[in-house]
Amino acid sequence: MLKLFRQKNFSIFWFGETISIIGDQISLIAFPWLVLQMTGSAALTGLVFAVQGIPRAFLMLAGGALVDRTSPRFVMLSSNLIRMILVLSLAYLISNDAVGIPTVFLMAFAFGVADAFFYPASTSMLPSLVRRSELQSGNAIIQMTLHLGMTVGPVLAAIIIAGEISSVTQQDTVSEGISSNFDADKQGLSRAFYVDAMTFALSFLSLLFVKARPLEESIEDKSSGSIYKEIKNAARWVISIPAVKLGFVGMAVIHFFYANDFCWYSSLG
18 MLKLFRQKNF
28 SIFWFGETIS
38 IIGDQISLIA
48 FPWLVLQMTG
58 SAALTGLVFA
68 VQGIPRAFLM
78 LAGGALVDRT
88 SPRFVMLSSN
98 LIRMILVLSL
108 AYLISNDAVG
118 IPTVFLMAFA
128 FGVADAFFYP
138 ASTSMLPSLV
148 RRSELQSGNA
158 IIQMTLHLGM
168 TVGPVLAAII
178 IAGEISSVTQ
188 QDTVSEGISS
198 NFDADKQGLS
208 RAFYVDAMTF
218 ALSFLSLLFV
228 KARPLEESIE
238 DKSSGSIYKE
248 IKNAARWVIS
258 IPAVKLGFVG
268 MAVIHFFYAN
278 DFCWYSSLG
């Protein structure tokens, strides 16, 4: 399995994938923490989880349609560039006291949409980087990397933000309100989004050096309007299957209780 890292293309691809996953996880912590510190509301904190997560979950069903009709590498580069611009803009707005809740929710939604196309694209690109006999090992490495990134990313986000938050919790009492701490917390939060932007920039730059070999392309179902049709079919599929709809409801419930954990943690001093 580790022999794949001797291949330059795969190693660069793996680095870009890894750093992008870490960036995703930083965003997963930074967006809700920002809303919590601005409002002190568990409901709004849970809502920003849903606003970011539900478009990602839904559009992944149709992401393959776009990837099949374009270049997976182009889709990954575009996703990284859009996410970098979004979090970099948010970091700048936080630093300059120009951020509002509607802006945060709009950016969280846009981030989720852009994020939805990255992973289908990376899955489609892998076969053009390794031999068929190595594909199973390549997928295993990517999956392990995904789980590792899901652990490292939140920890890194907490470390980046923690300095400012810990200094606040030592000086302010809980009765003063969570939202009143935002002015002191914004340095750590803006720093988290700046680091997040850097992860997507690094992923973007690394993918520029990946040289994928061409695969056989099928012209079947590539007629105009077919992408829209597949997206429509995906939406119909989600609505028609009770288990899938239940999954979306479950996601919302998990986000709500996860948000309450955020509020409880913030109340500790």
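Just so we're aligned, residue 18 is where the sequence shown starts under this note's numbering, counting upward by one.
We put the beta carbon where it would ideally sit given N, CA and C, even for glycine.
Note that this is a predicted model, so its numbers are computed, not measured.
Limits of the alpha helix (DSSP H) - the one that residue i falls within
i      : result
Lys228 : No alpha helix (DSSP H) contains Lys228, which DSSP labels as neither H nor E.
Val121 : Ile118 to Ala133
Trp89  : As written in the sequence, residue 89 is Pro, which differs from the Trp given in the question. Run containing Pro89: Pro89 to Ser112, per the alpha helix (DSSP H) assignment.
Where residue i sits in the DSSP three-state scheme
i      : result
Gln42  : helix
Ala209 : helix
Leu146 : coil
Gly57  : coil
Ala115 : coil
Gln24  : coil
Glu237 : Because the pLDDT of Glu237 is 45, which lies under 50, any placement of that residue in the model is unreliable, and the question is left without a value.
Contacts around residue i, its chain only, beta-carbon distance under 6 Å, and the 5 residues preceding and following it disregarded
i      : result
Ser220 : Gly33, Ile36, Ser37 and Asn97
Ser112 : Ser207
Gln188 : The predicted model places Gln188 with a pLDDT of 44, which falls under 50 and marks its position as unreliable; any figure quoted below should be read in that light. Same-chain partners within the cutoff: there are none.
Val116 : Leu110
Ser223 : Ile29, Phe32 and Gly33
Ser58  : none
Leu61  : Val52
C-beta contact flag for residue i and residue j at 9 Å
i      : j      : result
Ala218 : Ala108 : no
Leu103 : Ala131 : yes
Ile177 : Ile43  : yes
Leu21  : Gly170 : no
Arg86  : Ala138 : no
Leu123 : Tyr211 : no
Val84  : Ser141 : yes
Own chain, CB closer than 7 Å to residue i, minus 5 neighbours either side, in chain order
i      : result
Val135 : Residue identity differs from the one stated: residue 135 is Phe in this sequence, not Val. Closer than 7 Å at the Cβ level, and outside the excluded window around Phe135, lie Ser37, Met93 and Ser96.
Asp238 : Only weak support is given to the placement of Asp238: the predicted model assigns it a pLDDT of 46, under 50, and the value that follows is read from those uncertain coordinates. Cβ neighbours of Asp238 beyond the five flanking positions: none.
Ile296 : The structure shown does not extend to residue 296, since the chain spans only 18 to 286, so no value can be given for it.
Cβ shell of residue i (< 8 Å), same chain only, five flanking positions each side left out
i      : result
Ala175 : Ile46
Gly155 : Leu21, Phe27, Leu143, Leu146 and Val147
Val121 : Phe48, Leu51, Val52, Met55, Val65 and Leu107
Arg73  : Gly129, Val130, Asp132 and Ala133
Phe126 : Val68, Gln69 and Pro72
Ala229 : Asn26, Pro89, Arg90, Met142, Ser145 and Leu146
**Message:** If we require 4 or more residues per run, which alpha helix (DSSP H) segments fall completely within the segment 148–178?
**Reply:** none
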